[in-house]
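I have placed the structure first, in the form of structure tokens, so that the comments after it can refer back to it.
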Amino acid sequence: MIDIDKIRRSAGIIGESDQIYEMLTLIGQVANTDISVLITGESGSGKEVVAKAIHKNSRRKFEKMIIVNCAAIPSGVIESELFGHKKGSFTGAIEGRVGYFQAAHKGTIFLDEIGELPIETQAKLLRVIEQGEFMRVGDTNIIKTDVRIIAATNRELSKEVKEGSFRQDLYFRLKTININVL
Numbered sequence: 123m124i125d126i127d128k129i130r131r132s133a134g135i136i137g138e139s140d141q142i143y144e145m146l147t148l149i150g151q152v153a154n155t156d157i158s159v160l161i162t163g164e165s166g167s168g169k170e171v172v173a174k175a176i177h178k179n180s181r182r183k184f185e186k187m188i189i190v191n192c193a194a195i196p197s198g199v200i201e202s203e204l205f206g207h208k209k210g211s212f213t214g215a216i217e218g219r220v221g222y223f224q225a226a227h228k229g230t231i232f233l234d235e236i237g238e239l240p241i242e243t244q245a246k247l248l249r250v251i252e253q254g255e256f257m258r259v260g261d262t263n264i265i266k267t268d269v270r271i272i273a274a275t276n277r278e279l280s281k282e283v284k285e286g287s288f289r290q291d292l293y294f295r296l297k298t299i300n301i302n303v304l
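Counting from 123, one number per residue, gives the positions in the sequence shown under the working numbering.
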């Protein structure tokens, strides 16, 4: 049985429309799974609130939820931010760094504005989704991670796939469940 009021309270979701009720029901259905979720909607529609509701109602709720705004990280450093890097792997890498995926181990990572990810980084993200593993920048060791991935975008990713700016395989992996925030 899904407790709609508990889900509503956990993230401060307001509204009584049929669409809100359907969204809360879907959150309740997917929260305790490890399925990747794609949240779509206009900027400012509350996509992050939905991601928090999923996390707070999941079995991972006592672990970290790392929020990453992909649009705010320059393409030259996004891989280092997401996956970490080894000391000396590039100019200025004076020490090793743990990336967001390693920091979120056992928890949830929310990739906001996923449509902004460079195509090369999308391939590495796909490996994390499919295999639960990644390599830090400049490293040859594989790191395993157990992380729930929730992604959000205000873009029409199906259109981006057709234009070649977003990987089709990643798109299908992310949109296993799609929650559209109105």
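Every residue, glycine too, gets a C-beta built ideally from N, C-alpha and C.
Measure the alpha-carbon distance for residue i versus residue j and round it to whole angstroms.
i, j, result
"THR213", "SER132", "44 Å"
"GLY198", "GLY254", "23 Å"
"ILE200", "CYS192", "8 Å"
"ILE157", "LEU248", "14 Å"
"LEU148", "ILE301", "8 Å"
"THR162", "VAL259", "30 Å"
"LYS209", "ILE264", "16 Å"
"LYS183", "ASP125", "16 Å"
DSSP three-state label for residue i, please.
i, result
"HIS227", "coil"
"PHE294", "helix"
"PHE205", "helix"
"ARG219", "strand"
"THR147", "helix"
"VAL250", "helix"
"ILE126", "helix"
How about residue i and residue j: are their beta carbons less than 7 Å apart?
i, j, result
"THR267", "PHE205", "no"
"ILE236", "ALA273", "yes"
"VAL225", "VAL269", "Correcting the residue type first, residue 225 is Ala in the shown sequence and not Val. No. Outside cutoff."
"ASN179", "ILE142", "no"
"GLN244", "LEU292", "yes"
What whole-angstrom Cβ distance do residue i and residue j have, given they're in contact under 8 Å?
i, j, result
"GLY221", "GLU185", "At roughly 16 Å, the Cβ-Cβ gap does not stay under 8 Å, so GLY221 and GLU185 are not in contact."
"VAL172", "VAL303", "6 Å"
"ASN276", "SER139", "So it is not a contact: roughly 21 Å between Cβ atoms."
"ILE299", "VAL159", "5 Å"
"PHE232", "GLU282", "Their Cβ separation, rounded to whole angstroms, is 20 Å, which puts PHE232 and GLU282 out of contact at 8 Å."
Per DSSP, what are the beta-bridge partners of residue i in this structure?
i, result
"ILE264", "MET257"
"HIS177", "Answer by DSSP bridge pairing: none, since HIS177 is not bridged."
"GLY163", "VAL303"
"ARG270", "THR230"
"THR275", "THR162"
"ASN191", "ASP234"
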